[in-house]
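See below for the structure under consideration.
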Amino acid sequence: MRVLYLLNFAGKAGTERYVETLARTLKEQGRITPFFAYHVDGLLVRRMEEMGVPTRQIVMQSRFDQKAAQAVAELCREWEIDVIHTHYLRENYIAMLSKKWNPAVKVVYTSHFVQADNWYTRISNRVLSPRQDGVIAVCNIGKTQLVKNGLDPEKIRVVFNGVDPQQWSQTEQSATLKAELGLEPEVFCMLCASRFADDKGHAYLVDSIARLKQKTDRPFHLALAGDGPLQEQIKQKVQDMGLGSEITFLGFREDMKHLFHGSDLYVNSSRHEALSFLIVEAMASGLPVIATDMGGNSDIVNEETGCGLLVEYNNPDSMADAMKTMLEDPAVLERCREGAKRAAQTVFHVERMVDRTYDLYDQVCGRAAEESCPDKGGECS
């Protein structure tokens, strides 16, 4: 099977990791021959080329770009593509419009967000829905929102993001984050790794650290990894609140495994999440989790997984109380640590994600008799 992964921006975030993981794993398994097309150049292009995946740049000016749709159709004929797998609204619309010139190709769309569309987009979704062959929602609330957005519920299946636990397991090399930060071994080190943008909740997270400082005498530290437009603003807030000794900015880092294994707890403070790769990667590294009860976080952190605690978004006391529990109760921390590793080995394992995605490719191509997932309330089995 020949699959074209079509992406507007080939950057370095979770969606790009999703595309790279699918292409790499399915290629290594000999189940597909992957191809890649993009509009805006970025790190993923290099990673695809390193894998030996053919790549091509296609200008995609808007979701209704007819010239781009025709170019996609021509590329699919050139590369003899069976399935186009899209990841954002712009390229998904272009892929569906490309069927005007290449009706045989199938289009699968993964929605990586939980977002309410405006009235115009909802109407457009309904008009184009007959051209959509399959849809993946990465969390249960994501499927609910997609139906509200006008997509056909019979074409949607929930497939959780997954990681390779072995890739994130500890190595013989000791983690040195605390030494890097100049912290004593007994200091409780928390990590938050996300882009400095409004929806990631860094301002509220800083307020939570100020509350935690009032609630405990135990030594603790928060490391913030990532870059983004609000980074300097958050740095100034930390300075103004006198929290420079409690919070360190690490910048953008590629050595996430080093950061995970050098920390005691992973913290997610986002307002919008579908199903965060960073949270699941942290869990695979053996980190317990505190996450806001937003988007698909409740699919990760719950009684079944037992991997951590959910908190109310934009409530510094809720976040600080959860941090205090993890900081001061070793039994809770260890129980959540074991739950995190167990969930990463089962519910969020990469093989589970890959198998369910390939099953959908098979289904839309008419190569499998399986109907759409009968379990409308949860992940496909």
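Quick note on the working numbering: the sequence shown kicks off at 819 and runs consecutively. Even for Gly, the Cβ is constructed at its ideal location relative to N, Cα and C. In this text, all values refer to a predicted model and were calculated from it rather than measured experimentally.
Beta-carbon proximity check, T904 vs A913, cutoff 9 Å: Contact: yes.
R1036 versus R865 - alpha carbon distance: Put simply, the backbone Cα of R1036 is about 43 Å away from that of R865.
Selected residue, minimal CA-CA separation from A1043, among F1078, F1070, A1028: Minimum Cα distance to A1043 is reached at F1070.
Through-space distance from F1166 to V1098, alpha-carbon basis: Here the alpha carbon of V1098 sits roughly 7 Å from the alpha carbon of F1166.
4 or more residues per run - each alpha helix (DSSP H) lying fully within the region 1007–1069: Taking 4 residues as the shortest admissible run, the region 1007–1069 contains the following complete alpha helix (DSSP H) segments, listed from N- to C-terminal end: 1020–1033, 1049–1058.
Straight-line Cα distance separating E972 from K918: Going from the Cα of K918 to the Cα of E972 covers about 23 Å.
Given I876 as reference, the closest of R895, Y856, L861, C957 once Cα atoms are compared: The residue with the shortest Cα to Cα distance from I876 is Y856.
Check whether G829 and V956 have beta carbons under 9 Å apart: Their beta carbons are not under 9 Å apart, which means G829 does not touch V956 by this criterion.
Helix, strand or coil at S929 [DSSP, three-state]: Note: S929 maps to strand in three-state DSSP.
Boundaries of the alpha helix (DSSP H) in which L844 is found, first to last residue: If you look at L844, you'll find it in the alpha helix (DSSP H) that goes 832–846.
For F1078, the three-state DSSP class (helix, strand or coil): DSSP places F1078 in helix when its eight states are reduced to three.
Reference E1146, options V1005, T851, P852, L1001, closest by Cα: The option with the nearest alpha carbon to E1146 is V1005.
Cβ contact (3+ pairs, closer than 8 Å) linking the region 1013–1021 and the region 1083–1090: Short answer: they touch.
Residue environment, D1073, which counts as buried when at least 16 other CB atoms sit within 10 Å: D1073 sits exposed, since fewer than 16 C-beta atoms from the chains shown fall within 10 Å of its C-beta.
Proximity of Y1131 and M819 at Cβ, strictly below 9 Å: In this structure, Y1131 keeps its C-beta atom at 9 Å or more from the C-beta atom of M819.
Same chain, Cβ closer than 8 Å to S880, five either side skipped, listed in chain order: Here the set comprises R908.
Given R949 as reference, the closest of V1172, D970, G832 once Cα atoms are compared: That would be D970, whose Cα lies nearest to the Cα of R949.
Contact under 9 Å by Cβ, D900 with V953: No, the pair does not count as a contact, with Cβ atoms beyond the cut-off.
Counted within 10 angstroms of its Cβ, other Cβ atoms place T1175 as buried (16 or more) or exposed: Classification of T1175: buried, given that the 10 Å Cβ count is 16 or more.
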